[in-house]
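Each residue of the sequence shown is one higher than the one before, counting from 1 in the working numbering. All residues carry an ideal CB built from backbone N, CA and C; glycine is no exception. Model, not experiment: these values are computed from the prediction. These notes are about the structure you will find just below.
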Amino acid sequence: MKNIVIIGGGISGYLILMNLLRTPGAQRLNVVLLEKERLDRLGVPYETTEEAHLLNVPVSNMSAFSDDKNHFADWLLKNAIDFTPLSFMPRKIYRQYILDIFNHLMKYKSELINVSMLQAEAVDVDMEGKNVLLNGAGQLSFDQLIMATGTFPPGHLALKNNDYTHSANYFPSAWQPGLMDSLKGLEEIFIIGTGLTMTDTIISLHKRGHKGKVTAISRHGLMPAVHKKCIPYPCFGEDMRKQVTILGMFGILKKHLKQAAIIGSDWRAVTDALRPHIPQLWNQLAEVERKAFIEHLRHRWEVCRHRMPEECALIVHSWLATGKITMYAGRIRQISESAEAGFCITYIQEKTQLIKQLKADVIINCMGPLTDYNLIVHDLIRNLMQKGVICADPLGLGLQCSAEGALIQQDGRVSDCFYTIGAPAKGTLWETTAVPEIRVQAKQLADRVTGMHKPLLQYSNS
């Protein structure tokens, strides 16, 4: 019997487990999924109950399985849920979809596969004895281990004085339990970050009728672009693969952007056509080229690549138009708090370099997940880093691993039994945090850890 342990019960962990349940073979599998929080939580993005918190990818590209692109659409149809292929569904509906399919696969799984779901925290790994050590007591033996820990909460700003982080009015994450319920509706709110997490926060405030002024700041002051229906653009990955520099790649990209405009398409279609090829393109870039992209182009790319649905944009843009929210480009230099005046935020405007100040009653950190594993405060990560079992990506994007997800130790050895999937692999693959990419990794990793490379069993929605 082969023992497989999955650490993490978010979307990555579930997709791995579901692919294992669909993998044929004669060998017996004993699979254990460990999750510290509630086992049906499915991670922070899918825990929301807000109807207006939507997926950022349309129905047509949100199947849980890479070999069945219509799977999500078929499930929606079966459950009489209104949609079109271009609909952006509520994230709570997607959570329901994943759990429903998982329960179905468990009900009809092979007798050769045993699955255990444990609400427990993994705090260390004994690689020599091949045991996962659990918090409190106990351990689990493994032949193959998968770290599907997903993303981590944002880090704090790198300020000289971070005393403000101890305030009851500072929320280190937009997803902190009880945040919205703690607001009275009149507070002046300061948001750190202007990306997709900020848009989720504005939508939540809007639904609750918040009347207080909101201010948001980020280095470049850019908000996510908006999804828009457009004519599909043909694949041009082969052209890009001939380039080994960021300058060369963006030269090809500009050429195709011009061509898209000529045929009546849109830059969105061009970026979507490029998306499936990004892991390979990123992997072939030298570290100096990756660093150049991060320093000079990342903020522009992220705005175009990680777009928000039109339904969300309508709310955010209406807030901007009416002055309910103001956005700035700048660098925060100091945050102080007093009982009488609340928070005082000092920042430098990006364009003028002038020093400005503003006041707020509440601060919400929407900077996005912390990806530098040297800074992550987490028992399992800390213990594995200290022992050299895992090591941080040199650009602070995740963990060092192979293109197949095999973790790389600090001595440079590539593990043959310890893997990762999703967000921790960003340094190697870049495009690795959304379902369209994670489902491909999940299938490939399920094949790898079982030694199976046969066609997958098909699942029917009937």
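Legend entry - DSSP state of Lys-454 mapped onto helix, strand, coil: Numbered from its first residue, the sequence shown carries residue 454 at position 454. At Lys-454 the pLDDT is 47, less than 50, meaning the model places this residue with poor confidence; the figure from the coordinates comes in the next sentence. Look at Lys-454 here: in three-state DSSP terms it is coil, with no helix or strand label.
Inset, instruction - Look up Met-147 in the DSSP assignment and say whether it is helix, strand or coil. - result: For the purposes of this step, residue 147 is taken as residue 147 along the sequence shown, with counting starting at 1. In this structure, DSSP gives Met-147 an extended state, which the three-state scheme calls strand.
Legend entry - Cβ neighbours of Ser-415 in the same chain (closer than 6 angstroms, five flanking residues each side left out): Position 415 of the sequence shown, counting from 1, holds the residue named residue 415. In chain order, Ala-406 and Leu-407 place their CB closer than 6 angstroms to the CB of Ser-415, counting only its own chain and leaving out the 5 sequence neighbours on each side.
Inset, instruction - Out of Met-367, Ser-336 and Ser-173, point me to the one whose CA is closest to Leu-358's CA. - result: If you number the sequence shown from 1, residue 358 lands on position 358. Across the set Met-367, Ser-336 and Ser-173, the C-alpha of Ser-336 shows the shortest separation from the C-alpha of Leu-358.
Legend entry - Residue ranges of each alpha helix (DSSP H) within the segment 218-296, 4 or longer: The DSSP assignment places complete alpha helix (DSSP H) segments of no fewer than 4 residues inside the segment 218-296 at 237-241, 246-262, 267-274, 278-283 and 287-296, in order along the chain.
Legend entry - For Val-31 and Asn-3, the rounded distance between their alpha carbons: For this step, residue 3 is matched to residue 3 along the sequence shown. For this step, residue 31 is matched to residue 31 along the sequence shown. Those two C-alpha atoms are separated by around 6 angstroms.
Legend entry - Buried or exposed (CB count within 10 angstroms, at least 16 for buried), Arg-91: By 1-based counting over the sequence shown, the position of residue 91 is 91. Classification for Arg-91: buried.
Inset, instruction - Could you tell me whether the Cβ atoms of Ile-438 and Ser-12 are closer together than 8 angstroms? - result: Taking the sequence shown and counting its residues from 1, the one referred to as residue 438 is at position 438. Taking the sequence shown and counting its residues from 1, the one referred to as residue 12 is at position 12. Yes. Within cutoff.
Legend entry - Gln-400 (DSSP reduced to helix, strand or coil): To locate residue 400, count along the sequence shown from 1; it is residue 400. DSSP places Gln-400 in coil when its eight states are reduced to three.
Legend entry - For His-53 and Gly-212, the rounded distance between their alpha carbons: Along the sequence shown, read from residue 1 onward, the residue named residue 212 stands at position 212. Along the sequence shown, read from residue 1 onward, the residue named residue 53 stands at position 53. If you take the alpha carbons of Gly-212 and His-53, they lie about 21 angstroms apart.
Inset, instruction - May I have the straight-line CA-CA distance separating Ala-446 from Asn-79, to the nearest angstrom? - result: What you label residue 446 is simply residue 446 of the sequence shown in a count that begins at 1. What you label residue 79 is simply residue 79 of the sequence shown in a count that begins at 1. Going from the Cα of Ala-446 to the Cα of Asn-79 covers about 28 angstroms.
Legend entry - Endpoints, beta strand (DSSP E) assigned at Ser-12: As a working note, residue 12 is residue 12 in the sequence shown. Ser-12 -> not in any beta strand (DSSP E); alpha helix (DSSP H) instead, spanning 11-22.
Inset, instruction - List the whole-angstrom C-beta distance separating Cys-366 from Thr-201, where the pair is believed to meet the contact cut-off of C-beta under 8 angstroms. - result: The residue you call residue 366 lines up with position 366 of the sequence shown. The residue you call residue 201 lines up with position 201 of the sequence shown. Their Cβ separation, rounded to whole angstroms, is 6 angstroms, which keeps Cys-366 and Thr-201 in contact under 8 angstroms.
Inset, instruction - Measure from the alpha carbon of Ile-101 to the alpha carbon of each residue in Ile-16, Lys-291 and Thr-322, then state which is nearest. - result: As a position in the sequence shown, residue 101 is number 101, starting the count at 1. Closest option to Ile-101, Cα to Cα, is Ile-16.
Inset, instruction - Identify, in the order they occur along the chain, each residue of the same chain with its Cβ nearer than 7 angstroms to the Cβ of Lys-291, setting aside the five sequence neighbours on each side. - result: Walking along the sequence shown from the start, residue 291 turns up at place 291. Take Lys-291, set aside five residues on each side of it, and the residues of its chain with a beta-carbon closer than 7 angstroms to its own are Leu-395, in chain order.
Inset, instruction - Throw me the rounded Cβ distance for the Asn-56 and Leu-222 pair, which I believe falls under 8 angstroms. - result: By 1-based counting over the sequence shown, the position of residue 56 is 56. By 1-based counting over the sequence shown, the position of residue 222 is 222. In fact, because the Cβ distance is near 16 angstroms, the residues do not count as touching under 8 angstroms.
Legend entry - Length of the line joining the Cα atoms of Glu-238 and Thr-326: Position 238 of the sequence shown holds residue 238. Position 326 of the sequence shown holds residue 326. If you take the alpha carbons of Glu-238 and Thr-326, they lie about 42 angstroms apart.
Legend entry - Exposure of Gln-284, with buried meaning 16 or more beta-carbon neighbours within 10 Å: As a working mapping, residue 284 is identified with position 284 in the sequence shown. If you draw a 10 Å sphere on the C-beta of Gln-284, you find fewer than 16 other C-beta atoms in it, and that means exposed.
Legend entry - Residue range of the unbroken alpha helix (DSSP H) whose run includes Leu-384: Taking the sequence shown and counting its residues from 1, the one referred to as residue 384 is at position 384. The continuous alpha helix (DSSP H) containing Leu-384 extends over residues 379-387.
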